[in-house]
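Residue 499 is where the sequence shown ends in the working numbering, and the numbering goes up by one at each step. Backbone N, C-alpha and C fix where the C-beta goes; we use that ideal spot for every residue, glycine too. This structure is a prediction, so every number in the text was calculated from the model and none was measured. What follows is one structure encoded as C-alpha cells, with my remarks underneath.
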Amino acid sequence: MLTLIGGEAAHRAVTSFSRALRGLYTRGAALPEGVEAHRLAQKAKEAVTALSSWAIRHGVDDLPLERESFGSREEWNIVVPAARVEELEAMLLMDRALRIAKQSGSAVPNVTNDPRFHVGWRQFDATRESLSAEAQRIPEPARSVVLNQLHNIKRLRTPPTSHSKIEAVAAAVESIIQQGEKVLLFCHHHATAQELTIRLAEVLPKLPAPRAPSLAAWKRAWGEVVCRQDEREDEEQLRSTFIDWLCSDLIRAQTLSWLGTKSPADARLRDLLERQRGRHPLGGETIAKAAVRLYRTLLQSKSSAAVLKAAAAGRSELLAGSSGSSRVLGVCLPDEDRRSLFIHNQQPDTVISIFNSPFGPDVLVVTDKLSEGSTCTGTADT
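Now the structure itself:
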C-alpha cells in the first residue's frame, strides 16, 4: 500500500516492526519481558511516526479536489415514522427492569438503554428472554417487580411487529434495487444486521431461476468466455469453481435479466454474453468482460484464491451469491435459523470483489467486519 502511494520512505520502520512482532509470535521473547516489551513499543512508535505523513485523516467532504474520483454522492434521507407510544413504553419498562435486576446483584447487562433497542427488536427480545430466565434467581421483592415489567413488555410486543426503522430502510433499499443498483448497508451491531438482512430477504422480489437456456449451455458458454489463457496447473479447478458459481441460480437469473431476451437459444448464449452489457446497458463492460475481470481479480488476491480453493473442496457457500436465490447477503454473525443468508469468514476481499462487480448479491448488510474498502451506490447507517 505504501508503494502504491509513493511512501517508500516508511518501508524500513514498518518492516522492522513487522519482523520484530513476527519473531515474537514464532520464536518467543529473546530478551527479558520488560526489555522485549520496550523494544517492541519503540519499534511500533517509529513505525507510526513513519506512517503518519501518509495517513489520510479526512472524509470526502474535506477533499474537494479529489471528490470527483469518488463518483456522484448525495445524502440518502430515509423517512422514518416516529416511535409509537407502545414502543416507547416497552423500552422504558425494559430500562426499569434491568436497573432493578442490576441493583439486586443480578448478572444483567450494564447498559439498560441499549442503543440496539432503538434500531430493531432482535436484541430487545433476546434481552427480554435472558432477563426472564435470570429473574428466577433475583430475590424478592425485586423479582416480582422485574417479572411484572416483563409481563407488560410481552403484552406490548404481542403480536411481534417489525421495527419501524427496519421497515423504512427496507422500503428505501427496495426502491433503489428496482433501479438496477447495488446497496451497501453498514450496521453498528450484529443483531441489527441480522434483523435487517432477514427483513430484506422477505421484501425484495425474488429472481426466478431461469429454465432456459439449459444449465449445460450456461456452463459451456462460460467455459468459452473464461478460457484458459496463461493458466497455471493449479488454476484449472479454481476456474471450474468460478464457472460453477456463475451458473448458480442467482447469478444465472441476474445475467439472463441483462441479456434482453427471456430465453435465448443455447447456441447464442456466448455471443450475447460478449455483446450485451450488465446492470447499466448504456455504459460499462460487457457481461463477459466483467466476469473475466472478476475472475482475474479473485486470482490476484491470495485470500480470494484461497476462498476459491476452499469452495472447490465442497464449501461453495463461501462465495457470495452461490447459496439460494436471495438478493441480500449479511456479512456478520449468522442467524442460525436463516444461515444461508449470511457469510462470516475472515476473508473480506472476496465479498468486496464480487460486490464491486455486476454479479452477486444486490445488497450487502455489513458490520465493522466489512466496513472499509468497498465502493457502493448507496449506504444507510442503521
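Taking the C-alpha atoms as reference points, what is the distance between residue i and residue j?
i      : j      : result
Leu301 : Leu389 : 29 Å
Arg274 : Asp242 : 9 Å
His235 : Ala288 : 18 Å
Lys452 : Phe303 : The displayed chain sequence assigns Asp, not Lys, to residue 452. Roughly 17 Å between the two C-alpha positions.
Lys419 : Pro226 : 41 Å
Gly401 : Gly395 : 7 Å
Val448 : Leu415 : 18 Å
Leu121 : Ala427 : 30 Å
Glu204 : Leu321 : 26 Å
Lys323 : Gly441 : 10 Å
Leu248 : Arg410 : 51 Å
Val501 : Thr467 : In the structure as shown, the chain begins at 118 and stops at 499. Residue 501 is therefore absent and cannot be evaluated.
Asp179 : Trp171 : 16 Å
Ser279 : Lys219 : 29 Å
Arg413 : Glu206 : 55 Å
Val483 : Ser474 : 17 Å
Pro277 : Lys271 : 9 Å
Ala259 : Met208 : 19 Å
Pro149 : Gly124 : 34 Å
Ile294 : Ala224 : 44 Å
Pro256 : Val262 : 10 Å
Leu332 : Ala370 : 12 Å
Ala429 : Gln417 : 17 Å
Trp193 : Leu446 : 21 Å
Phe472 : Leu481 : 8 Å
Thr403 : Thr378 : 16 Å
Ile469 : Phe476 : 11 Å
Thr166 : Val152 : 21 Å
Ile283 : Val196 : 11 Å
His397 : Gly297 : 7 Å
Ala252 : Arg456 : 31 Å
Ser109 : Arg233 : No information on residue 109 is available, as it lies outside the stretch 118 to 499 that the chain covers here.
Glu352 : Ile368 : 22 Å
Ser169 : Ile460 : 34 Å
Asp383 : Thr132 : 54 Å
Arg316 : His306 : 16 Å
Ser281 : Asp485 : 23 Å
Leu182 : Pro381 : 46 Å
According to DSSP, is residue i helix, strand or coil?
i      : result
Val262 : helix
Phe476 : coil
Val290 : helix
Val483 : strand
Val131 : helix
Thr275 : coil
Thr403 : strand
Ser491 : Any reading at Ser491 must be qualified, since the residue scores a pLDDT of 40, below 50, and its modelled position is unreliable; no value is offered.
Since residue i and residue j should fall inside the 8 Å C-beta cutoff, what is the C-beta to C-beta distance between them, to a whole number of angstroms?
i      : j      : result
Arg156 : Val177 : Not quite, the Cβ-Cβ distance comes to about 39 Å (not below 8 Å), so this is no contact.
Ala318 : Leu458 : 5 Å
Asp366 : Ala326 : 4 Å
Gly239 : Ala285 : The sequence as given places Arg at residue 239; Gly does not occur at that position. 16 Å between Cβ atoms; not a contact.
Pro478 : Arg444 : 6 Å
Leu138 : His128 : Their Cβ separation, rounded to whole angstroms, is 16 Å, which puts Leu138 and His128 out of contact at 8 Å.
Ala250 : Val342 : With 8 Å as the limit, Ala250 and Val342 do not qualify as a contact, their Cβ atoms being about 56 Å apart.
Ala154 : Phe134 : Wrong, their Cβ atoms sit about 13 Å apart, outside the cutoff.
Gln421 : Gln464 : The question names Gln, yet the displayed sequence has Ser at residue 421. Rounded, the Cβ-Cβ distance is 7 Å, consistent with contact.
Leu376 : Gln393 : 5 Å
Ala130 : Ala164 : 5 Å
Using a Cβ cut-off of 8 Å (strictly closer), state whether residue i contacts chain D.
i      : result
Val409 : Among the chains in the structure shown there is no chain D, since it carries only a single protein chain.
Regarding residue i and the ligand FAD, is the C-beta to nearest heavy atom distance less than 7 Å?
i      : result
Thr143 : The ligand FAD is absent from the structure shown, which contains no ligand whatsoever.
For the region 300-357, which segments carrying the alpha helix (DSSP H) assignment without a break, of at least 4 residues, lie completely within its bounds, in sequence order? The alpha helix (DSSP H) runs of length 4 or more contained entirely in the region 300-357 are, from start to end of the chain, 307-320 and 332-342.
State whether the region 423-440 contacts the region 306-317, with contact taken as three or more CB pairs (one from each stretch) at a distance under 8 Å. Contact between the region 423-440 and the region 306-317 is absent: fewer than 3 CB-CB pairs across the two stretches fall below 8 Å.
Enumerate, from N- to C-terminal direction, the unbroken beta strand (DSSP E) stretches of 3 or more residues contained entirely within the region 375-455. Runs of the beta strand (DSSP E) inside the region 375-455: 445-448.
In chain order, which continuous runs of the alpha helix (DSSP H) of length 4 or greater are located wholly inside the region 185-268? Taking 4 residues as the shortest admissible run, the region 185-268 contains the following complete alpha helix (DSSP H) segments, listed from N- to C-terminal end: 202-220 and 239-251.
Check whether the region 199-214 and the region 254-271 touch, using three or more Cβ-Cβ pairs below 8 Å as the test. Counting Cβ pairs under 8 Å, three or more are found: they touch.
Do the region 355-372 and the region 330-338 make contact, defined as three or more Cβ pairs closer than 8 Å? Short answer: they touch.
Every unbroken alpha helix (DSSP H) within the region 136-164, with a cutoff of 4 residues, ordered by chain: Segments of the alpha helix (DSSP H) lying fully in the region 136-164: there are none.
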